[in-house]
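For reference, the structure is listed below as C-alpha cells.
Numbering (this note's numbering), first residue to last: 319 to 476.
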C-alpha cells in the first residue's frame, strides 16, 4: 500500500476493515455490533435506555452520518430493538426502566471479550503501546477540531 495517501484515506481504510472484521467475529457468535456495545456498557452496571443510547450513540447513527463528539440523539434513534432481542435471549433482564446483564449475559461478554482482545492484538501487531496511544490521541484531537469546525459552519452568523 502507498503510505503517501492522506490521513483521511487511512482512517477510512482502517475503519472499514475493523467494521468488517468485527462484524464477522460478532456474527459468528450470534450478536450485532450494537448489541455488543450495549453489553459492554452494561458490564459497568444497570442502565436505562436514555443512558445506553448516549453511551453507544456512534453505533446508532446511520453509516453516512457524522458521529458527534458529544452525542445529541435524534428521538427516533434508539437501541430499544437491540435491547429487546438481548432480553429475549436471556442475556439481559429489565424491570421496565433499567437493563442489567444476566449471568448468561456476563458469560457471553467474558467469552467474546477474550475473542475480541485476540483480534485487537492481531490488528496492532508491530505497533508499540506508545504509537497506539499517540495515534488515538491525534485522532481524538483531530475529531474535536473538526467537530468544532463543523459546529461553527452550521451556526448561523449574526
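Think of the CB as a built atom: it goes at the ideal place given N, C-alpha and C, for glycine as much as any other residue.
Remember, predicted model here, so these are calculated numbers, not experimental data.
- Annotation for residue 401: 356, 367, 370, 410, 412, 417 place their beta carbon closer than 8 angstroms to its own, counting only its chain and skipping 5 residues before and after.
- About 6 angstroms separates the beta carbon of residue 374 from that of residue 359, a gap short enough to meet the 8 angstroms contact definition.
- With a cutoff of 8 angstroms on beta-carbon distance, residue 454 and residue 361 are scored as not near each other.
- Residue 414 and residue 372 have their alpha carbons spaced roughly 18 angstroms apart.
- One thing to note: residue 339 has its Cβ no nearer than 8 angstroms to the Cβ of residue 421.
- The Cβ-Cβ distance between residue 351 and residue 365 does not fall below 8 angstroms.
- For residue 411, the enclosing beta strand (DSSP E) has its first and last residue at 410-412.
- DSSP places residue 326 inside the alpha helix (DSSP H), whose first and last residues are 325-346.
- Out of 452, 419, 465, the CA that lies nearest to the CA of residue 354 is found in 419.
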